[in-house]
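Chains Z and A are the protein sequences, given in the same order.
Per the working numbering, the first sequence starts with residue 1162, numbered consecutively.
Per the working numbering, the second sequence starts with residue 952, numbered consecutively.
Even for Gly, the Cβ is constructed at its ideal location relative to N, Cα and C.
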Amino acid sequence: MTSGAITPDLIAEHNLSSEEYDRILEILGREPNLVELGVFSAMWSEHCSYKSSRIHLKKLPTTGPRVIQGPGENAGIVDIGDGLAVAFKMESHNHPSFIEPYQGAATGVGGILRDIFTMGARPIASLDSLRFGNLDTPRMRHLVDGVVRGIAGYGNCIGIPTVGGETTFHPAYDRNILVNVMNVGVLPSHRIFRGRAEGAGNPVIYVGSKTGRDGIHGATMASEEFAGDETRQKRPTVQVGDPFTEKLLMEACLELFGMDAVVGIQDMGAAGLTSSSFEMAGRAGSGLEIDLSKVPVRETGMTPYEILLSESQERMLLVTRKDRLDTVLEVFGKWELEAVEIGRVTDSGRIVAFFEGRIVADLPAAPLSEQAPVYDRPRVPPTPILSRGWEELAEPGSYGACLRRILATENVAQKSWIWTQYDHMVGTNTVERPGGDAAVLRLKGTSKAIAIKSDVNPFFCACDPYRGAAIAVAEAARSIAATGARPLAVTDCLNFGSPERPEIMGQFEAAVRGLSDACRTLSTPVVSGNVSFYNETDGRPIPPTPTVGMVGLLEDVSRHVRMPFRREGDLVAILGQTHDELGASEFLRTIHGRDDGPCPEVDLEAERRLVELLLRLADERRLASAHDVSDGGLAVALAECAMTSGLGVDLRLAPGLRPSALLFGETTGRALVTFAPGEESSVRSAAKAAGVPFDLFGRVGGGRLVIAMEGRPLIDEPVADLQELWTTAFARSMEESAEVL
Amino acid sequence: MSAAKPRFAIVVFPGSNCDRDCHHVATELLGCDAEYVWHRDTDLKGADVVILPGGFAYGDYLRAGALARFSPVMESVTRFAMDGGPVLGICNGFQVLLEAGLLPGAVRVNRGLRYVCKDVYMRVENASTAFTRLYEPGQVVQMPVGHGEGNYTAPPETLTELEYEAGVVFRYCDETGRVTDEANPNGSTAGIAGIANREGNVVGLMPHPDRCAEGLLGNDVGRKMFESAVAALAPA
């Protein structure tokens, strides 16, 4: 075994603390060599080990009657009946995307797809949840453009539709953008594959792209904050994606899964061959012997250190049945993939890596993967941002002008500029395309459909991480229920600053508590997820951004309810109570340039009642349309229903609150519904039975959006004008130069 | 009429990604038989109709469809087409037909230099090909596009020939049927969205009839392209 001097500098370069190094010495009973140090560094990086988040994540609800696979595997799985299940997960690719937006985002898509098909599922849809900084700079527009092209370039080529997501802009993301990608796949519920290396003597197969020097220590990079001009120097740690190879890999794996040959399988994602081998052996309590000389390499002279830690994309590690090895190699051959037997499973509990006949690493599997350090880092509770006096502001002169300005902001404007670059129809399952409350995909061969949604309002989270996180879950559930689908389960992607700072850990703890409370009340367990820390540059962190991805089930796709108004003469009602809340609203930011709080209140029990009511109304086919009320408040929600249908609406608001709060406040727990006049009494009594406030206040028709109070029109705008503004504003922001803005 | 159902062959290149979508239309929606034919095979399995589906045949890093024409299956497809068999190329399948020389011209990167996925309108210019006989001449149809390279072009003499011999099958237009620049999603010459060979048995188009073949997806006008081919097989 090679042994070089492990100096304190070398340990620091590997991002390991001296306590962690002491722990390594204790586990091994000797000094590690350089290769082994690299392995520890990757496996114990924040990215792979969740060492700062683990104790908090334990508090999340992760079980339920439909949960087949909770956190800890490549993806979570829930049962949807009739022998089918859905696998889903969300992941971040924040750091790489800021350094090289196209490849960073593209490989983010590639990574999450592998997590899904590894479980035995055919991916059917992706969502992307993006956060950018101020769009006024060419640099930020370049990042937006690159990320969108990267997601499109990968997803379109492999043929998995990108069906939705959300994009928000906030100057606090100027130097740390967020790229969170979620994928959902469908599989038979009795045929799930896991990342387990079982059965001593079984062959270990490497398949996919060759291993290169790209991405070495990518996982470690994602576990550090940026400083100064570092992003340029870090470029070699960003990997390059090849969606065509991934397509071959996906089809070959899916073909193999039907052949009773695969024992265990895992993607070589972060920390590459290292994490896949250690995790597969760790989960199964087994060991592996692998010969690194057999790993196909792209470059000459690659060292064992580089081979073990490379993050080259589109590679998988499989354990197969000994007697089915020929079948496995034949299928990979058909798809023109390089597949090599690089080792075998043992019962030693150790990972032993050979290179050119020598042992270059000999480490126990479990302590690296299952017993990584766990930290209860110091934290201070977050101080909520409260009102700084917005209550004293004068009401605006023209509410119509306010609405127009809000509809044209980057956050509210329609994002067709983004989604028309994504193939959102391939697979011919997309029943509800991007732009609705949630994407809806039918499942061929059944009457079912699934609804999927990603959500978080970072402005709310900045004011109050607990409420912001709880609202993200509630809003996702409301959006899914508005389509008629029952919310089933959640995946999360928790994006925060450095965990080494007590105020960040305070935010994290509060946000996890918010997620936890909301998921419990709404019966949507968290089945998979990802934590991304160190989203800060020069000590300036992003706002807490716990992105929630939710999956819902529509038993009968014909009961699907859409957002646009449907018919002239339908009645319009609002479900839920509106409060005098303007804190953290788009209205305060856009019209008054203020980021006052407080975050709106959240009443999780009321949210649960609203979800149940929406489901009952959809099930009884009472509704013509439904739409969740969120960003921009009631006026924006009404405008969206009008602009997407071309139909106007005439409404009377009851006096009481200040008109700006009624129109633009972002009180949670509300939805807009429309129905034929003959359904009024049924809808009213269903709302009463559910304990949800019901206010009938208008009628669909004409070509204008009219909102009046006490006989005075507050807003009276032609729908066609609003539509023109809303649908073109974002493209204009992307194309205009900073000077014009 | 014979009892045998019409049979579709759906050619699968390694990077095809609309193969299963076309299979669904042929089998589930039309009730026909359909077989996948792997690009290295040469047996079209007794097909009555051949479909080249959308996707990125070989990753298409070089040029869309450029490598696919060297696949063994293309010899069989060419022979089938020469014998008058109906062949439809959709999106990437259209690009493969162009590269293979079964249809004239070429496609370039979209005018806007971006991939574009959205609904467009097209006018039916030739309603007598194997895949359009169930449409009315001049009918305006809405279909989705999804491509980065769909900007059709050809030498002037080829364009003249296409126009004179009813080779243009579909042309991008607005909702009312006017061919305008705004209605053209990719910059194609003369708004050309789809073309046919002189005999009308080989048709290629950039838009996706496979994505608008059932009401659940919002529009079923594309189904008639598949039904046209089936109708032609029925004895008069």
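- By the criterion of a C-beta distance shorter than 6 angstroms, A1642 of chain Z is surrounded in its chain by V1772, L1775, L1776, once the five residues flanking it on both sides are discounted.
- Neighbourhood of D1584 of chain Z in chain A, by CB distance below 8 angstroms: Y1066, C1068, G1097, in chain order.
- Interface with chain A (8 angstroms Cβ-Cβ cutoff): A1313 of chain Z is included.
- Between T1708 of chain Z and S1287 of chain Z, the C-beta gap is not smaller than 8 angstroms, which leaves the two residues out of contact.
- The beta-bridge partner set that DSSP reports for N1341 of chain Z consists of Z:S1253, Z:S1290.
- Chain-order list of chain Z residues neighbouring C969 of chain A: G1320, V1587, G1588, T1589, by C-beta distance under 9 angstroms.
- In the three-state reduction of the DSSP assignment, M1666 of chain Z falls in the helix class, which pools H, G and I.
- Within the segment 1276-1320 of chain Z, the complete alpha helix (DSSP H) runs of at least 4 residues fall at 1299-1319.
- In the DSSP assignment, R1149 of chain A is bridged to no other residue.
- In summary, Q1738 of chain Z is exposed, with fewer than 16 beta-carbon neighbours lying within 10 Å of its beta-carbon over all protein chains present.
- Taking C-alpha positions only, G1089 of chain A is separated from L981 of chain A by approximately 25 angstroms.
- Contact with chain Z is absent for F1045 of chain A, since none of that chain's Cβ atoms lies less than 8 angstroms from the residue's Cβ.
- Counting every other CB atom within 10 Å of its CB across the protein chains shown gives M1586 of chain Z a total of 16 or more, marking it as buried.
- Per the C-alpha coordinates, the member of Z:G1852, Z:D1789, Z:I1876, Z:G1872 positioned closest to T1835 of chain Z is Z:D1789.
- When C-beta atoms of the segment 1135-1143 of chain A are compared with those of the segment 1037-1046 of chain A, fewer than three pairs fall below 8 angstroms, so the two segments do not count as touching.
- Secondary-structure assignment with DSSP links E1593 of chain Z through a beta bridge to Z:V1601.
- The three-state secondary structure of Q1400 of chain Z, taken from DSSP, is coil.
- V1535 of chain Z carries a coil assignment under DSSP once its states are collapsed to helix, strand and coil.
- DSSP, reduced to helix, strand and coil, places F1405 of chain Z within a helical segment of the structure shown.
- Below the 9 angstroms Cβ cutoff, chain Z contributes N1317, C1318, I1319, G1320, P1404, F1405, K1408 as neighbours of F1007 of chain A, in chain order.
- Residue state for D1428 of chain Z is assigned as strand, using DSSP reduced to three classes.
- With fewer than 16 neighbouring CB atoms inside 10 Å of its own CB, R1300 of chain Z falls in the exposed class.
- Counting only runs of 4+ residues, the alpha helix (DSSP H) found wholly inside the segment 1599-1637 of chain Z occupies 1619-1624, in chain order.
- Between the alpha carbons of A1869 of chain Z and V1763 of chain Z lies a gap of roughly 28 angstroms.
- Residues of chain Z with a Cβ closer than 9 angstroms to the Cβ of L1168 of chain A are, in chain order, M1586, T1589, N1590, T1591, V1592, R1603.
- When the five nearest sequence neighbours on each side are left out, the beta carbons in the same chain lying within less than 6 angstroms of the beta carbon of G1710 of chain Z are those of M1251, M1343, S1615, T1652, in order along the chain.
- At a cut-off of 8 angstroms between beta-carbon atoms, W1887 of chain Z makes no contact with chain A.
- Per the coordinates, the alpha-carbon of G1864 of chain Z lies some 22 angstroms from the alpha-carbon of A1832 of chain Z.
- A Cβ-Cβ distance of about 15 angstroms is found for the pair V1844 of chain Z and R1770 of chain Z, leaving them out of contact under the 8 angstroms criterion.
- With fewer than 16 other Cβ atoms from the protein chains shown falling within 10 Å of its own Cβ, S1178 of chain Z counts as exposed.
- Rounded to whole angstroms, N1317 of chain Z and P1284 of chain Z show a C-alpha spacing of 13 angstroms.
- Closest in alpha carbon position to E1327 of chain Z, among Z:V1712, Z:G1596, Z:G1807, Z:D1699, is Z:G1596.
- Neighbours of T1581 of chain Z in chain A, taken as residues at a C-beta separation under 7 angstroms, are given in chain order as V1067, C1068, K1069.
- Contact between the segment 1749-1769 of chain Z and the segment 1682-1696 of chain Z is present, with at least three C-beta pairs closer than 8 angstroms.
- Taken in chain order, the complete alpha helix (DSSP H) segments of 4 residues or longer contained in the segment 1746-1811 of chain Z are 1747-1753, 1765-1780, 1794-1806.
- Under the DSSP assignment, F1177 of chain A falls in the alpha helix (DSSP H) whose first and last residues are 1174-1184.
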